[in-house]
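Enquirer:
Residue numbers (full-length UniProt numbering): 1 to 348.
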């Protein structure tokens with residue numbers, strides 16, 4: 001659903017572009033269901049391929065009823081680019097006085113072929129209603145994109161940054177080990193998570209600080225919260241243990257074996273770092289045996305980079321070994337179409 005609205009553009013130093021998008025409130029009200037969206041005008045910045053400058057075209061997508069059914073209580077916001085480039089975004093809603101009502105950041109990803117980067121759970125409808133922003137004639141969204149304008153690599157700088165990261169990791173290893181010792185600690189834990197009849201002992205403050213979903217559970221006036229016990233019915237015990245271990249330590253055991261289950265758990269409980277780690281593992285381990293499963297995960301959770309790499313794998317390496325599998329025909333039509341188009345282009 002295209003929207004006729006106004007955008008203002010500001011470019012800084014070929015590495016940051018700020019776009020201001022004004023939308024008539026009537027267009028937002030026309031979006032009735034999850035998946036209905038508005039598209040901003042295109043805006044342009046510049047980058048370099050070697051020494052050759054080139055345009056980068058961007059646009060925004062806004063889903064006032066959520067990008068998919070499981071986030072229908074949220075606004076979802078994404079930025080798309082037509083060029084392969086590494087970038088991240090900051091999204092804001094501002095009122096008529098220019099005050100920021102809501103702000104969230106996106107992860108840094110590599111854009112390609114109008115891949116989307118953004119925030120599926122940007123803000124709840126209830127929050128925006130209470131803020132009064134929806135009573136205005138126009139809504140203003142500001143997107144600040146930071147990107148690498150050149151594909152040339154500064155190897156010395158990268159080596160220095162890598163060494164600094166390694167030093168930071170070494171300095172924190174002891175702290176991480178101490179936090180892992182708190183997991184399932186019977187003496188000082190104040191919360192029990194139950195899955196499959198088994199209990200994981202944890203601490204409210206740690207879970208709430210890591211996950212807005214857990215925080216909402218603890219703040220709600222619900223029996224489970226009052227009794228300091230929550231039943232987890234949709235995550236198996238071994239997956240739950242590793243999810244909580246990651247919350248405490250930033251690492252999970254057997255992540256390669258559990259990655260398909262962990263990525264769904266991370267998405268549900270809004271554990272963005274764990275979700276990113278799972279996606280990275282899947283990107284590194286795409287094979288003929290798992291590529292269809294990964295495509296289904298990527299489509300359901302809208303993980304564009306994983307979807308692109310899985311399709312690329314089928315086109316370049318899998319071919320009939322994948323397309324002849326019975327489960328291939330159950331993939332969503334949009335994915336099958338993109339796979340077939342890729343195979344057709346390769347055969348020409």
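In this text, a Cβ means the ideal position worked out from N, Cα and C, and glycines have one as well. Since the structure is predicted, the reported quantities are computational estimates derived from the model, not experimental observations.
Apart from the five residues on each side of it in sequence, which residues of its chain come closer than 8 Å, Cβ to Cβ, to residue 34?
Expert: Locating residue 34 in the chain shown gives position 34, counting from the first residue. Once the five neighbours on either side are set aside, the close Cβ partners of residue 34 are 63, 65, 66, 67, 68, 69, 71 and 72.
Enquirer: How would you write the range of the alpha helix (DSSP H) that residue 307 sits in, first residue to last?
Expert: Start at 1 with the first residue of the chain shown, and residue 307 comes out as number 307. Counting along the chain, the alpha helix (DSSP H) containing residue 307 begins and ends at 304 to 313.
Enquirer: Along the beta strand (DSSP E) that carries residue 331, what are the first and last residues, could you check?
Expert: Walking along the chain shown from the start, residue 331 turns up at place 331. Residue 331 -> no beta strand (DSSP E), and no H or E assigned at all.
Enquirer: Could you check what DSSP says for residue 37 in three-state terms: helix, strand or coil?
Expert: Translated into positions along the chain shown, residue 37 becomes position 37. Three-state DSSP puts residue 37 in coil, outside helix and strand.
Enquirer: Which residues in the same chain have their Cβ closer than 8 Å to the Cβ of residue 232, if we skip the five residues on either side of it in sequence?
Expert: Here the question's residue 232 lines up with position 232 in the chain shown. So the list reads 193, 194, 195 and 240, once near-sequence residues are dropped.
Enquirer: Report, in whole angstroms, the separation of the C-beta atoms of residue 274 and residue 315, which I expect to be a contact under 8 Å.
Expert: If you number the chain shown from 1, residue 274 lands on position 274. If you number the chain shown from 1, residue 315 lands on position 315. Between residue 315 and residue 274 the Cβ distance is about 30 Å, and since that is not below 8 Å, they are no contact.
Enquirer: Considering only the alpha carbon of each residue, which of 105, 311, 321 and 327 lies closest to residue 338?
Expert: Along the chain shown, read from residue 1 onward, the residue named residue 338 stands at position 338. Sorting 105, 311, 321 and 327 by C-alpha distance to the C-alpha of residue 338 places 311 at the top.
Enquirer: Please confirm whether residue 227 and residue 121 have their CB atoms less than 8 Å apart.
Expert: The residue given as residue 227 occupies position 227 in the chain shown. The residue given as residue 121 occupies position 121 in the chain shown. Contact flag unset, no.
Enquirer: Less than 8 Å between the C-beta atoms of residue 31 and residue 89, yes or no?
Expert: Mapped onto the chain shown, residue 31 falls at position 31. Mapped onto the chain shown, residue 89 falls at position 89. The beta carbons of residue 31 and residue 89 sit no closer together than 8 Å.
Enquirer: Grouping DSSP H, G and I as helix and E and B as strand, with all else coil, what is residue 105?
Expert: One-based indexing of the chain shown puts residue 105 at position 105. In the structure shown, residue 105 sits in a strand (DSSP, three-state: E or B).
Enquirer: For residue 87, which of 18, 247, 126 and 93 has the nearest alpha-carbon?
Expert: Residue numbering aside, residue 87 sits at position 87 when the chain shown is read from its first letter. Looking at the Cα atoms, 18 is the closest of the given residues.
Enquirer: Since residue 142 is in the alpha helix (DSSP H), which residue starts that stretch and which ends it?
Expert: For the purposes of this step, residue 142 is taken as the residue at position 142 of the chain shown. It is not in any alpha helix (DSSP H) - residue 142 instead sits in the beta strand (DSSP E) that spans 138 to 147.
Enquirer: Can you tell me where the beta strand (DSSP E) with residue 323 in it begins and where it stops?
Expert: Looking up residue 323 in the chain shown gives position 323. If you look at residue 323, you'll find it isn't in any beta strand (DSSP E); it sits in the alpha helix (DSSP H) that goes 320 to 323.
Enquirer: Based on Cα-Cα distance, which residue from 28, 74 and 81 lies nearest to residue 46?
Expert: Within the chain shown, numbered from 1, the residue matching residue 46 stands at position 46. Out of 28, 74 and 81, 81 has the C-alpha closest to the C-alpha of residue 46.
Enquirer: So what does residue 255 bridge to, in DSSP terms?
Expert: As a position in the chain shown, residue 255 is number 255, starting the count at 1. According to DSSP, residue 255 bridges with nothing at all.
Enquirer: Which residues mark the beginning and the end of the beta strand (DSSP E) in which residue 247 is found?
Expert: In the chain shown, residue 247 corresponds to position 247, counting from 1. Looking at the DSSP string, residue 247 is not in any beta strand (DSSP E); the run it does join, the alpha helix (DSSP H), is 237 to 249.
Enquirer: Can you give me the C-alpha to C-alpha distance between residue 249 and residue 202, rounded to a whole angstrom?
Expert: For the purposes of this step, residue 249 is taken as the residue at position 249 of the chain shown. For the purposes of this step, residue 202 is taken as the residue at position 202 of the chain shown. Near 13 Å, if we compare the C-alpha coordinates of residue 202 and residue 249.
Enquirer: According to DSSP, is residue 271 part of a helix, a strand, or is it coil?
Expert: Numbered from its first residue, the chain shown carries residue 271 at position 271. Residue state, collapsed to three classes: coil.
Enquirer: For residue 131, which of helix, strand or coil comes out of DSSP?
Expert: As a position in the chain shown, residue 131 is number 131, starting the count at 1. Residue 131 falls in the helix class under three-state DSSP.
Enquirer: Under the three-state reduction of DSSP, which class applies to residue 283: helix, strand or coil?
Expert: Numbered from 1 along the chain shown, position 283 holds the residue referred to as residue 283. It is helical.
Enquirer: Would residue 78 pass as a contact of residue 124 if the rule is Cβ separation under 8 Å?
Expert: Taking the first residue of the chain shown as 1, we reach residue 78 at position 78. Taking the first residue of the chain shown as 1, we reach residue 124 at position 124. No, these two residues do not count as a Cβ contact at 8 Å.
Enquirer: Residue 138 to residue 98, Cα distance in whole Å?
Expert: Residue numbering aside, residue 138 sits at position 138 when the chain shown is read from its first letter. Residue numbering aside, residue 98 sits at position 98 when the chain shown is read from its first letter. Looking at the backbone, the Cα of residue 138 and that of residue 98 are separated by about 13 Å.
Enquirer: Who are the Cβ neighbours of residue 55 in its own chain at under 7 Å, not counting the five residues just before and after it?
Expert: Stepping through the chain shown from its first residue, residue 55 is reached at position 55. Hits under 7 Å: 44 and 46.
Enquirer: Return the CA-CA distance between residue 22 and residue 148, expressed in angstroms with no decimal places.
Expert: As a first step, residue 22 is located in the chain shown; it is residue number 22 there, counting from the start. As a first step, residue 148 is located in the chain shown; it is residue number 148 there, counting from the start. Their backbone Cα atoms lie some 27 Å apart in a straight line.
Enquirer: Could you check the C-alpha separation between residue 100 and residue 92 for me, to the nearest Å?
Expert: Here residue 100 refers to the residue found at position 100 when the chain shown is read from its first residue. Here residue 92 refers to the residue found at position 92 when the chain shown is read from its first residue. Each residue's alpha carbon lies about 6 Å from the other.
Enquirer: Start and end of the alpha helix (DSSP H) containing residue 210?
Expert: As a working note, residue 210 is residue 210 in the chain shown. Element bounds for residue 210: 204 to 210.
Enquirer: Please state whether the Cβ-Cβ distance between residue 140 and residue 20 is less than 8 Å.
Expert: Counting from 1 along the chain shown, the entry for residue 140 is found at position 140. Counting from 1 along the chain shown, the entry for residue 20 is found at position 20. It is a contact, given that the beta carbons lie within the stated cut-off.
Enquirer: Three-state secondary structure (DSSP) at residue 345?
Expert: What you label residue 345 is simply residue 345 of the chain shown in a count that begins at 1. Helix.
Enquirer: With a threshold of 8 Å between beta carbons, is residue 329 in contact with chain D?
Expert: No chain D is present in this structure, which holds just one protein chain.
Enquirer: Buried or exposed: residue 251, going by 16 or more other Cβ atoms within 10 Å of its Cβ?
Expert: Taking the chain shown and counting its residues from 1, the one referred to as residue 251 is at position 251. Exposed is the call here.
Enquirer: To which residues does DSSP link residue 61 through a beta bridge?
Expert: Mapped onto the chain shown, residue 61 falls at position 61. DSSP lists 39 and 78 as partners of residue 61.
Enquirer: Go ahead and label residue 345 buried or exposed: buried means 16 or more other beta carbons lie within 10 angstroms of its beta carbon, across all protein chains shown.
Expert: In the chain shown, counting from the first residue as 1, residue 345 sits at position 345. So residue 345 ends up on the exposed side.
Enquirer: Nearest-angstrom Cα distance between residue 189 and residue 214?
Expert: To locate residue 189, count along the chain shown from 1; it is residue 189. To locate residue 214, count along the chain shown from 1; it is residue 214. If you take the alpha carbons of residue 189 and residue 214, they lie about 15 Å apart.
Enquirer: Here's the rule: buried if 16 or more other CB atoms are within 10 angstroms of the residue's CB, otherwise exposed. What is residue 341?
Expert: Within the chain shown, the letter at position 341 stands for residue 341. Under this definition residue 341 is an exposed residue.
Enquirer: In the structure shown, what three-state DSSP assignment does residue 28 receive?
Expert: By one-based count along the chain shown, residue 28 stands at place 28. DSSP places residue 28 in helix when its eight states are reduced to three.
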